[in-house]
Amino acid sequence: MLAQRATQQSLRRLVASRPTLASQMVSRKFAAPMAVMGSSLTYRPVATQNLTPKDSYEILVAQRKNRPTSPHLTIYKPQVPWILSGLNRITGEILSGAVYIFGSAYLIAPLMGWHLDSASMAAAFASWPVLAKIGTKLFFAFPFTFHTINGLRHLSWDLGRTFKNATVIKTGWTVVGLSTASALALALLV
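Here the sequence shown stands for residues 1 to 190, where the numbers follow the UniProt record's numbering.
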């Protein structure tokens, strides 16, 4: 079907650009019903006008006001798959952002006189109160564990497994439970 349409369009362009006897004969044989009426082409006049950039922008704004808007997330009932999918993206951004920020700080640390070596960071972290240590470790552990475990879940989807509605919900709650438990275990390590 696509090849027929491409052939018809190329024949129409050929006839429109060079209406010679040979091309008219070819067009009558292949594309006559749509493009050629008798021995002459049918043309549709095009009306154009010169617009300033400001006028064309105003027309575009007016057209955008008439476009239908798609339903917003607030009309949908929250479901496990799309909540966890959004959380997976957020945790990925948190992890990659933390790597970029720390990597940049580590690179400029010698120039700024900062001490970001392992010994100084371990000594500074050891001086914190216990709740601050656990909270910080939990803050960094949960995105890592959730993103890792949910990434494995997405890989199983890519393989075509566990992709039915019931199993998607079950594996979603499994990911939440496993990532919370493993994040707490990592945060409570001494």
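C-beta atoms are modelled at their ideal positions from N, C-alpha and C, and glycine is treated no differently.
Computed from a predicted model, the values in this text were never measured in an experiment.
query = Excluding five sequence neighbours on each side, which residues of the same chain lie with their C-beta closer than 8 Å to the C-beta of T162?
reply = The answer, listed in chain order, is R153, S156, V168, T171.
key: Beta-carbon proximity check, A124 vs L116, cutoff 7 Å   = Taking 7 Å as the Cβ cut-off, A124 and L116 do not qualify as a contacting pair.
query = Where G92 and D55 are concerned, what is the direct C-alpha to C-alpha distance, given to the nearest angstrom?
reply = Spanning the alpha carbons of G92 and D55 requires a straight line of approximately 43 Å.
ask   = With distances taken from CA atoms, which of S70, Y106, M112 is nearest M121?
value = The shortest Cα separation from M121 among S70, Y106, M112 belongs to Y106.
task = Determine, using beta carbons only, whether F146 and S179 come nearer to each other than 7 Å.
result = Taking a C-beta distance under 7 Å as the contact criterion, F146 and S179 qualify as a contact pair.
inquiry  = I need the boundaries of the alpha helix (DSSP H) containing L111, first residue and last residue.
reply    = Unbroken alpha helix (DSSP H) run through L111: 80 to 112.
message = My assumption, with CB atoms under 8 Å, is that L84 sits in contact with A141. Please give the rounded CB distance.
response = Not really, about 18 Å apart at Cβ, beyond 8 Å.
query = With 16 as the cutoff for other CB atoms within 10 Å, does A183 come out buried or exposed?
reply = Around the beta-carbon of A183, 16 or more other beta-carbon atoms lie within 10 Å, marking it buried.
ask   = Between N50 and N150, is the Cβ-Cβ spacing less than 7 Å?
value = In this structure, N150 does not lie closer than 7 Å to N50 by Cβ.
Start and end residues, alpha helix (DSSP H) containing V61 = Run containing V61: 53 to 65, per the alpha helix (DSSP H) assignment.
key: C-beta neighbour in chain D for L189, strict 7 Å   = Of the protein chains in this structure there is only one, and it is not chain D.
query = For M37, is the classification buried or exposed, using 16 other Cβ atoms within 10 angstroms of its Cβ as the cut-off for buried?
reply = Residue confidence for M37 is low, a pLDDT of 49 falling below 50, so the modelled location carries little weight; the figure read from the coordinates is stated next. With fewer than 16 neighbouring CB atoms inside 10 Å of its own CB, M37 falls in the exposed class.
inquiry  = Let's see if you can read the secondary structure: which residues bound the alpha helix (DSSP H) around S150?
reply    = Note that residue 150 is Asn in the sequence shown, not Ser. For N150, the enclosing alpha helix (DSSP H) stretches over residues 130 to 158.
S70, enclosing alpha helix (DSSP H) - first and last residue = Here S70 belongs to no alpha helix (DSSP H), and DSSP marks it neither H nor E.
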